[in-house]
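Protein sequences appear in the order of chains A and B.
In the working numbering, each number is its position in the first sequence, counted from 1, plus 9.
In the working numbering, each number is its position in the second sequence, counted from 1, plus 166.
All C-beta atoms, glycine included, are put in the ideal place defined by N, C-alpha and C.
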Amino acid sequence: MPLTTPANSPDGRIGDVQDTPDVPAFEADPRIDHSHGTESQWQLIRRRFARHRLAVVSLWVLGAFVLVALFAGFVAPNDPGDVKARYTYAPPQALHFIDRSQDGWSFRPYVYGYSVEIEPEALRRTFVIDEEKKIYLSFFKRGWEYKLFGLIPTDIHLLAPERSRDPFYLFGADRLGRDMFSRLVYGTQISLSVGLVGVVMSLVLGVIIGGAAGYFGGWFDAATQRAIEFLRSLPTIPLWMGLAAAMPSDWSPLQTYFAITLILSFLGWTELARVVRGRFLALNGEDYVAAARYDGCSHFRVIVRHMVPAFTSHIITAASLAVPAMILAETALSFLGLGLQAPVISWGVLLQEAQNIRTLATAPWLLLPGAAIVISVLAMNFIGDGLRDAADPYAK
Amino acid sequence: MSDTVLEVRGLTVAFPHRKGETTAISDVGFDLKLGETTCFVGESGSGKSVTARAVLNIVEPAVIKSGAINLVDVAAGQRIELSGLDPDGADIRAVRGARIAMIFQEPMSSLSPVHTIGQQIIEAILLHQDVTAAEAREKAIDALRAVHIANPEEAIDRYPFEYSGGMRQRAMIAMALGCEPDILIADEPTTALDVTTQAEILKLLKGLQESRDMAVMFITHDMGVVAEIADQVVVMLHGSVVETGPVDTVFHAPQHAYTKKLLKASMGLDEAPHGRNGAGSDEVLIETSGLSLTFPTKKKIRKGATGGVRALNDVSIELRRGEILGIVGESGSGKTTLARVLMGRFQPQEGDAVYHTRDGAVKDLTHKSGFRDGQVYREMRMIFQDPYGSLNPRMTVEQIIGEPLLVNGLLKGAELKKRVGALLERVGLPASAMERYPHAFSGGQRQRIGIARAIALDPRVIIADEATSALDGSIRAQILDLLLTLRDELDLAILFIAHDIGVVRYFCDRVAVMHKGSVVETGTAIQICDSPQEPYTQRLISAVPIPDPRKRHLVA
Numbered sequence: 010m011p012l013t014t015p016a017n018s019p020d021g022r023i024g025d026v027q028d029t030p031d032v033p034a035f036e037a038d039p040r041i042d043h044s045h046g047t048e049s050q051w052q053l054i055r056r057r058f059a060r061h062r063l064a065v066v067s068l069w070v071l072g073a074f075v076l077v078a079l080f081a082g083f084v085a086p087n088d089p090g091d092v093k094a095r096y097t098y099a100p101p102q103a104l105h106f107i108d109r110s111q112d113g114w115s116f117r118p119y120v121y122g123y124s125v126e127i128e129p130e131a132l133r134r135t136f137v138i139d140e141e142k143k144i145y146l147s148f149f150k151r152g153w154e155y156k157l158f159g160l161i162p163t164d165i166h167l168l169a170p171e172r173s174r175d176p177f178y179l180f181g182a183d184r185l186g187r188d189m190f191s192r193l194v195y196g197t198q199i200s201l202s203v204g205l206v207g208v209v210m211s212l213v214l215g216v217i218i219g220g221a222a223g224y225f226g227g228w229f230d231a232a233t234q235r236a237i238e239f240l241r242s243l244p245t246i247p248l249w250m251g252l253a254a255a256m257p258s259d260w261s262p263l264q265t266y267f268a269i270t271l272i273l274s275f276l277g278w279t280e281l282a283r284v285v286r287g288r289f290l291a292l293n294g295e296d297y298v299a300a301a302r303y304d305g306c307s308h309f310r311v312i313v314r315h316m317v318p319a320f321t322s323h324i325i326t327a328a329s330l331a332v333p334a335m336i337l338a339e340t341a342l343s344f345l346g347l348g349l350q351a352p353v354i355s356w357g358v359l360l361q362e363a364q365n366i367r368t369l370a371t372a373p374w375l376l377l378p379g380a381a382i383v384i385s386v387l388a389m390n391f392i393g394d395g396l397r398d399a400a401d402p403y404a405k
Numbered sequence: 167m168s169d170t171v172l173e174v175r176g177l178t179v180a181f182p183h184r185k186g187e188t189t190a191i192s193d194v195g196f197d198l199k200l201g202e203t204t205c206f207v208g209e210s211g212s213g214k215s216v217t218a219r220a221v222l223n224i225v226e227p228a229v230i231k232s233g234a235i236n237l238v239d240v241a242a243g244q245r246i247e248l249s250g251l252d253p254d255g256a257d258i259r260a261v262r263g264a265r266i267a268m269i270f271q272e273p274m275s276s277l278s279p280v281h282t283i284g285q286q287i288i289e290a291i292l293l294h295q296d297v298t299a300a301e302a303r304e305k306a307i308d309a310l311r312a313v314h315i316a317n318p319e320e321a322i323d324r325y326p327f328e329y330s331g332g333m334r335q336r337a338m339i340a341m342a343l344g345c346e347p348d349i350l351i352a353d354e355p356t357t358a359l360d361v362t363t364q365a366e367i368l369k370l371l372k373g374l375q376e377s378r379d380m381a382v383m384f385i386t387h388d389m390g391v392v393a394e395i396a397d398q399v400v401v402m403l404h405g406s407v408v409e410t411g412p413v414d415t416v417f418h419a420p421q422h423a424y425t426k427k428l429l430k431a432s433m434g435l436d437e438a439p440h441g442r443n444g445a446g447s448d449e450v451l452i453e454t455s456g457l458s459l460t461f462p463t464k465k466k467i468r469k470g471a472t473g474g475v476r477a478l479n480d481v482s483i484e485l486r487r488g489e490i491l492g493i494v495g496e497s498g499s500g501k502t503t504l505a506r507v508l509m510g511r512f513q514p515q516e517g518d519a520v521y522h523t524r525d526g527a528v529k530d531l532t533h534k535s536g537f538r539d540g541q542v543y544r545e546m547r548m549i550f551q552d553p554y555g556s557l558n559p560r561m562t563v564e565q566i567i568g569e570p571l572l573v574n575g576l577l578k579g580a581e582l583k584k585r586v587g588a589l590l591e592r593v594g595l596p597a598s599a600m601e602r603y604p605h606a607f608s609g610g611q612r613q614r615i616g617i618a619r620a621i622a623l624d625p626r627v628i629i630a631d632e633a634t635s636a637l638d639g640s641i642r643a644q645i646l647d648l649l650l651t652l653r654d655e656l657d658l659a660i661l662f663i664a665h666d667i668g669v670v671r672y673f674c675d676r677v678a679v680m681h682k683g684s685v686v687e688t689g690t691a692i693q694i695c696d697s698p699q700e701p702y703t704q705r706l707i708s709a710v711p712i713p714d715p716r717k718r719h720l721v722a
């Protein structure tokens, strides 16, 4: 729908020139398509994001991680804490879907079982995949009991061996014969949520403190800036160590978990506060913010209605780039033995098992949590990049 | 002598994008002759700058689709076709700067801030001429002298920030002329300058062009400037040339309707004024006396430390009911500061400023307490200069215009929607525009939305800070006419801040001229513009270009 501008000057004023057929309305440039304009900023951002191929793929990958974390019990075939001494360092089994037998083939997932050999010299037990033994699997099988979302008790699993005594180690087993795949699935829950909860907490702190500093300025701004500089000058690892050491040893794993996220976000908010403050400073000079003040809006309304929507996209971007940093920090802490402790399972705790080079030589699959970290961190970084490009109106 | 030095035929430039391409200019053709100034005139987006860049073959990310650009070496009798050359190749680089030089609109950003003026000019000379560094320096000093920079031996070692805007533009010209080009392309070289500086630059360009027998391609949107300096005129609309011809023919016997429209909207000093020429009412709404404001340059360490920029100096004005008061002055004269003081953004150190509200109360505008209950903001509204920055891009037009009504608790829901529709129609936009976001509108339409927001609360005073300076000629005329109509219908008083004397003469009832923070002269618009008394006002008025080539007075 073209917008035409009606003449509005009655008495021969100079703007009053009627549009002649050979001169179209001046504002209707035929080279430009004016048919759009009802799309909101978010719709535009979504469209630009969809064009960023890598970011979209990463979004699906991250979505899969989140689903796995949410339905950890359903996805995990074995109880992650279930110790089976028989299967210490059992290697990963390959998953097969098509079962070929004498009378043709059928769709029936299975894995091969193990047979144990004893090396004559070292007297060491080694597992060999035994292609004679097929362990058939079935979907939605009842197995060990868990609570879905921590609330609903159930025992249905996505994929489990038909006979629950049979070994089923997709990613192998650790030194206590626990299923690495199930442990990884449960680790996803903790590691992702540490990142997300930590970032949400730093976001709240950062937006409130940075926003107030940017909007009101003055001594509050000066004080927070100095505080941020002080916090950022502290060497992180000794600080973490100190804080972790200060944590009472009789705290339950859950309490430690919350304490760790608190520590991480206590240090993480500074970055976000700076971003938010910068945006506030830039927006304070915008005419439309001044216009909102002249419209009679309260400080609160100016901030919430006029300023925050202008940089939510920036905040989301900054946050999506901060989540992987949180995950890496948690991993580093747990790897050093300062963060989460067994029996809590996180990727960092799982990697602790891989500290010994000799165990790594016999069981390299213990490094698989590292792959999960790399994939999720990369995915989040790509998503952050995609969001940043999409939110920038000057991007190509 | 009029040898053709550049022939452009059938030039078409397009910007490729995902869904095909957008044609920026199509089938543009013109000639540039030595010793002549050809003005390219048209409104923003008409393809003037793209044409200039295409001549230098620097149109990235666009591509030259077709057409020929023939550069003729008159002395040697050779022709080079520029559009076929590799845009990054050595052949075209030998042409850029040496044969064809360019100067830009923004003298602030086209000079490197970390090199001295001399280094930048010498670099250009060394690139294209086989001279030693010492000779290049001599040439640079000569070039600076040629553009009338005082004391060029010293000025050459200064940095751009030590130059004023006009001096920077002179330095740009000196750099462009350093290699004695045949063609000088000037892309809106005076748009960012004050009128008095503009007059000096125009005079300088004309003089240099005549003494060096150059061809000048001068791009502008200001018909007054065209009338002052052009020999030939090319009128562009939507990427095509609609009219070409000698300047006198174009101004006095225009063929195309668009040229006529441009001329009509050019708003010279002989246009019939539409203000009321004098105060209509005796009721004073805003009154200031002895208003002074100094911005401290450094933080005060001792109380009472002096120094700083005196932005306002003893300013006394009156704004009466239903009157349009123009505040005119060059950049830095304090006119915007005055508006900001009245809107409570800054608090003056001395003087009084009061607003008489509709119910007879008196509000003190020099203290924040005067604004606290919001009544001043309901009756005194603001229209901003930048139509792009003053509308929140995240809100629909309905939300933008409805905001003051909503937050003041006047209307909501269906009633609010109805009122917004009525306001939009009042400013000449369809009510259906309310569902859209600001990015769907052109500059003029956005300014209309800004006006609708300003009148939503039924105000008595509107402060318009350069409200039409960002708009093209014909759109500007429409917005001014809209404001005149609204003034009559709503009995509005408008404080109109502007640097364009033509606009002020056309639009205002009374005018106050500001210079260095002081009001130097006040009077009716006709008095000030036609028979100014103060020397400064006289200087200001005489520097305004007249859109008629028969009345040239700036370049003799």
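Contact with chain B by residue i, beta-carbon distance below 8 Å
i	result
histidine 323(A)	no
alanine 300(A)	yes
proline 86(A)	no
tyrosine 224(A)	no
valine 305(A)	The question names valine, but residue 305(A) in the sequence shown is glycine. Output row for glycine 305(A): interface = yes.
Nearest-angstrom Cα separation, counted from residue j out to residue i
i	j	result
alanine 636(B)	serine 322(A)	29 Å
lysine 529(B)	glutamate 449(B)	15 Å
glutamine 565(B)	lysine 427(B)	35 Å
proline 273(B)	isoleucine 258(B)	25 Å
leucine 214(A)	isoleucine 382(A)	26 Å
isoleucine 366(A)	leucine 276(A)	33 Å
serine 274(A)	alanine 232(A)	20 Å
leucine 146(A)	serine 385(A)	28 Å
tyrosine 178(A)	alanine 99(A)	7 Å
serine 355(A)	proline 118(A)	29 Å
Option in the options with minimal Cα separation from residue i
i	options	result
valine 593(B)	Gly579(B), Gln541(B), Leu649(B), Leu582(B)	Leu649(B)
glycine 72(A)	Ile354(A), Gly395(A), Leu396(A), Ala388(A)	Ala388(A)
threonine 651(B)	Ile490(B), Val520(B), Leu251(B), Gln541(B)	Ile490(B)
alanine 267(B)	Asn317(B), Val382(B), Thr357(B)	Val382(B)
glutamate 406(A)	Gly211(B), Pro553(B), Asp379(B)	For residue 406(A) there is no data in the structure shown, the boundaries of chain A being 10 and 405.
isoleucine 641(B)	Pro514(B), Gly609(B), Asp518(B), Glu569(B)	Gly609(B)
serine 330(B)	Gln644(B), Ala358(B), Ala312(B), Ile395(B)	Ala358(B)
Closer than 8 Å to chain A by CB, residue i
i	result
phenylalanine 512(B)	no
aspartate 552(B)	yes
alanine 471(B)	Low confidence applies here, because alanine 471(B) scores a pLDDT of 49, under 50, leaving its location unreliable and the question unanswered by this model.
leucine 478(B)	no
arginine 544(B)	yes
leucine 582(B)	no
methionine 167(B)	With a pLDDT of 48 at methionine 167(B), under the threshold of 50, the predicted position of this residue should be treated as unreliable, though the coordinate-derived value follows. No, methionine 167(B) lies away from the interface with chain A (no Cβ there is under 8 Å from its Cβ).
For residue j and residue i, believed in contact at Cβ under 8 Å, the rounded distance
i	j	result
leucine 345(A)	proline 262(A)	With 8 Å as the limit, leucine 345(A) and proline 262(A) do not qualify as a contact, their Cβ atoms being about 17 Å apart.
isoleucine 291(B)	glycine 344(B)	5 Å
proline 715(B)	valine 238(B)	The Cβ separation is near 27 Å, so there is no contact.
phenylalanine 289(A)	glycine 223(A)	3 Å
glutamate 496(B)	histidine 387(B)	Not a contact, Cβ separation roughly 20 Å.
Buried or exposed (CB count within 10 angstroms, at least 16 for buried), residue i
i	result
glycine 305(A)	buried
glutamine 704(B)	exposed
alanine 218(B)	buried
glutamate 320(B)	exposed
aspartate 397(B)	buried
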